[in-house]
Every structure is written in structure tokens, then in C-alpha cells.
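One structure is given here, and the rest of the page talks about it.
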Amino acid sequence: MGEVLISGVPGAGKTMLLLKIMKEFKNVIWVTTMRSARALREFLRNDEIWIVDTHTWAYVKFHPKDIVIGNPLNLNEVNLGIGKILDEIDEKALVILDSLSGLLLYHNLQRVVHFLRGALVRFEEKNASSLFTLVKNAHDVQTENSLYAIFPTVIELVREEDIKEKRYVRIIKALEYLEPTFAEMKIVKDDVILPEYIMNYILKTLKS
36 MGEVLISGVP GAGKTMLLLK IMKEFKNVIW VTTMRSARAL REFLRNDEIW IVDTHTWAYV
96 KFHPKDIVIG NPLNLNEVNL GIGKILDEID EKALVILDSL SGLLLYHNLQ RVVHFLRGAL
156 VRFEEKNASS LFTLVKNAHD VQTENSLYAI FPTVIELVRE EDIKEKRYVR IIKALEYLEP
216 TFAEMKIVKD DVILPEYIMN YILKTLKS
């Protein structure tokens, strides 16, 4: 199944890209590590997606499609929460984990890598694709490179804070040859616009 990692500094457009991609899938599971399920659902204004909350630190449930992990320090509990939802979904699902940087606040790299490897195996068994985010420059280079190595596809969103504030997308890794590997992207109103060949590749990878 398709696995994609999207990396970028804050404000680069990662969340907007997630919102654009999730519209292509009927069944979406969003694992949130940086905000509560309640705040995320209010932001998304979507009652159809499933949310696994590893941020709240309490078994407080506000929506029937929320699973709140009472102890985020237990990554096995996070995997079980995702697995519980996947067991209820018969059709193909997209699992979004936003973001790995949230997990790295409480866990060392080795534990996060172990969690990822187990999760990816489970997703493959359940015919689910997965989309992960990472906050660029929030971690040391070794941590970033180690996480990049796990995923077959790594896309980096680049934001230049000059007068015009240009934005770019960089292909770090891909399963097929993509050229050019560095191209301009735009954010217009509530939409992020990537070059068509890159967007098509991402969707094809996740829907495979």
C-alpha cells in the first residue's frame, strides 16, 4: 500500500495539502498528535472522518468517531486505537498521522521507528494507505534522515520568507522518476496547488 511522508516548516502548507488529499478518500482516519480531537474536528468541520487523539491525555470523548488515547506514552495503545477503526472499515482507508514531530516530543527516535514499522505492517494487512507529516528543522538531521529512510516517498514543502514569500515542493524520494525534483507551488485562498505531475503521483501512490 502507498505510504507518503510530507515534511515542511510551519506554514509551508502541510495541513492544506492533507485537506486536499483527504477529499479523494471516502474513509479517513486522522491521528492527531498536536491538537485535541475536539479542536481538530471543529477545524475540519467534518463528521465523517475518524479521529484518534494522542494529544488530550484523558479518556474524554466528544464525538462517536473519536478515539482518545488516555496514555499517549503507550504507543501500543495508539496502534490498537487505529487498528480498532480499521477493523470496522471494509473499504480502503487513508490513515493520516499529523505529525511525527508530536510523537517525538514524548518518545525517542528508536521507539517512534518501532511504532512506525508495526503500524505500516498493520496498514498493509488492512489495505490502508498512509500519509504522515514531519515538522522540518524541529529535529536534528540524523532524526530527519532516519525517518526519511522508512518511507518510499518523501515530499518536502519549502517556504521562502522573502518579500514575495515563494513556496516550492521538493521530491526527496519517490518510487518512480519524477522531473523536475524541485518546483514552485502556490497557496491560493483555501487551496494548495502543486505541479500536476507531483499531485498525480501522490494520489496514485496512496490509491495503489
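Going by our numbering, the sequence shown runs without a break in its numbering and finishes at 243. Glycine included, each C-beta is placed from N, C-alpha and C at the ideal position.
Below 8 angstroms on the Cβ atoms is my contact criterion, and I expect residue i with residue j to pass it. Report the Cβ-Cβ distance as a whole number of Å.
i, j, result
"Ala72", "Phe97", "7 angstroms"
"Gly153", "Asn114", "6 angstroms"
"Gly37", "Leu241", "4 angstroms"
By DSSP, does residue i sit in helix, in strand, or in coil?
i, result
"Val113", "helix"
"Arg194", "strand"
"Glu83", "coil"
"Met220", "strand"
"Phe78", "helix"
"Glu126", "coil"
"Thr188", "strand"
"Val176", "helix"
"Asn143", "coil"
"Lys161", "coil"
With a 10 Å radius around its C-beta and 16 neighbouring C-beta atoms as the bar for buried, classify residue i as buried or exposed.
i, result
"Val170", "buried"
"Tyr141", "exposed"
"Glu179", "buried"
"Ser243", "exposed"
"Arg202", "buried"
"Gly48", "buried"
"Leu317", "Since the first residue shown for the chain is 36 and the last is 243, residue 317 is missing from the structure and cannot be characterised."
"Thr216", "exposed"
"Lys176", "The question names Lys, but residue 176 in the sequence shown is Val. Exposed: under 16 other Cβ atoms inside 10 Å."
"Arg80", "exposed"
Using only CA atoms, which one of the options lies nearest to residue i?
i, options, result
"Tyr212", "Glu219, Tyr236, Leu52, Ser42", "Tyr236"
"Ala218", "Lys208, Pro230, Lys224", "Pro230"
"Asp88", "Asp122, Leu54, Gly137", "Gly137"
"Glu59", "Ile131, Met69, Thr67, Lys119", "Ile131"
"Glu123", "Asn62, Asp82, Lys55, Leu241", "Asn62"
"Glu83", "Gly46, Asp101, Ala209", "Asp101"
"Pro107", "Tyr183, Leu135, Ile41", "Leu135"
"Thr91", "Thr50, Arg157, Gly105, Thr168", "Gly105"
"Phe78", "Asp225, Leu238, Val44, Leu121", "Asp225"
Is the separation between the beta-carbon of residue i and that of residue j shorter than 9 angstroms?
i, j, result
"Ile206", "Val39", "no"
"Trp85", "Asp133", "no"
"Tyr117", "Val148", "Looking at the sequence itself, residue 117 is Ile, so the reference to Tyr does not match. No, they are not a contact pair."
"Ile222", "Val204", "no"
"Tyr128", "Asn172", "Looking at the sequence provided, one finds Ala at residue 128 rather than Tyr. No; because the gap between Cβ atoms is not below 9 angstroms, this pair is not in contact."
"Leu53", "Leu166", "yes"
"Leu210", "Pro187", "yes"
"Arg157", "Leu121", "yes"
Can you find a CB in chain D that lies within less than 9 angstroms of the CB of residue i?
i, result
"Val44", "Here chain D cannot be found, since the structure has a single protein chain."
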